[in-house]
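For reference, the structure discussed in these notes is given below.
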Amino acid sequence: MTHPPHHHVVPGLAAQGRIALTRDQLVAWGTDFGASARPPLVVAISGELGAGKTTLVQAICAGAGVEEPVTSPTFALVHRYHGATAAVYHLDLYRLGTPAELTNIGWDEIVNAHALVLIEWPERAGARLPPNTVPIDLEYDDRDADRRLLLAG
Ligand SMILES: Nc1ncnc2c1ncn2[C@@H]1O[C@H](COP(=O)(O)OP(=O)(O)OP(=O)(O)O)[C@@H](O)[C@H]1O
Ligand SMILES: [Mg+2]
Numbered sequence: 002m003t004h005p006p007h008h009h010v011v012p013g014l015a016a017q018g019r020i021a022l023t024r025d026q027l028v029a030w031g032t033d034f035g036a037s038a039r040p041p042l043v044v045a046i047s048g049e050l051g052a053g054k055t056t057l058v059q060a061i062c063a064g065a066g067v068e069e070p071v072t073s074p075t076f077a078l079v080h081r082y083h084g085a086t087a088a089v090y091h092l093d094l095y096r097l098g099t100p101a102e103l104t105n106i107g108w109d110e111i112v113n114a115h116a117l118v119l120i121e122w123p124e125r126a127g128a129r130l131p132p133n134t135v136p137i138d139l140e141y142d143d144r145d146a147d148r149r150l151l152l153a154g
């Protein structure tokens, strides 16, 4: 008996797949994501300077029921908010020196908390990023200055 040729369920070019979103569309996507998120959940949001990471975090926080103003934790590295069902942490690791410094900001407690954890510049955490982190990447769209390319999962 011969077997039919194997077909990949995921198309070969899937790794290049992105969706191009305007700011309003990204905010709507993020708000839905935040409303649907079931903590505990750690989300790594990567992307260049100005790619829209904080914009997305603010939308996710709004969807998760955060009513306080969400501002970049550039110097504190971490802000904690009250979401509708769980705490929401927003980390910006841009100014982190080495992953070892994460201990000073309570990293192990934060990533093990029953919380929604949103991390900008997650690559700075190196191997300390938890294995089940959900990756989201934002990129500039060289075809349209008003859009950003989003890759999630
Ligand atoms: N489609 C888009 N999605 C998100 N932001 C957009 C879009 N188009 C334009 N922008 C603008 O790009 C900027 C993104 O800034 P934001 O602070 O969210 O980026 P960031 O990735 O957090 O930057 P940083 O690396 O400095 O933390 C905002 O001024 C926003 O209005
Ligand atoms: Mg930012």
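With positions in the sequence shown counted from 1, the corresponding number in this note's numbering is that position plus 1.
Glycine is no exception: its CB is placed at the ideal position from the N, C-alpha and C atoms.
Note that this is a predicted model, so its numbers are computed, not measured.
| Item | Value |
| --- | --- |
| Excluding sequence positions up to five away, which residues of its chain have a Cβ less than 6 Å from the Cβ of residue 136? | 45 |
| Could you check what DSSP says for residue 73 in three-state terms: helix, strand or coil? | coil |
| Here's a check: name, in chain order, each residue in its chain whose Cβ is nearer than 6 Å to the Cβ of residue 60, leaving out the five neighbours to either side. | 28, 31 and 32 |
| With DSSP run on the structure shown, which of helix, strand or coil describes residue 123? | helix |
| Return the CA-CA distance between residue 77 and residue 13, expressed in angstroms with no decimal places. | 42 Å |
| Tell whether a beta-carbon distance below 8 Å holds between residue 18 and residue 62. | no |
| Do residue 93 and ligand 2 come close, with the Cβ less than 7 Å from some heavy atom? | yes |
| Entirely within the segment 16–72 and at least 4 residues each: give me those alpha helix (DSSP H) ranges in chain order. | 24–37 and 54–64 |
| When you compare only the Cα positions, how much space is there between residue 106 and residue 79? | 7 Å |
| Around the Cβ of residue 20, are there at least 16 other Cβ atoms within 10 angstroms (buried) or fewer (exposed)? | exposed |
| Since residue 137 is in the alpha helix (DSSP H), which residue starts that stretch and which ends it? | That residue, residue 137, is in no alpha helix (DSSP H); its beta strand (DSSP E) goes 135–141. |
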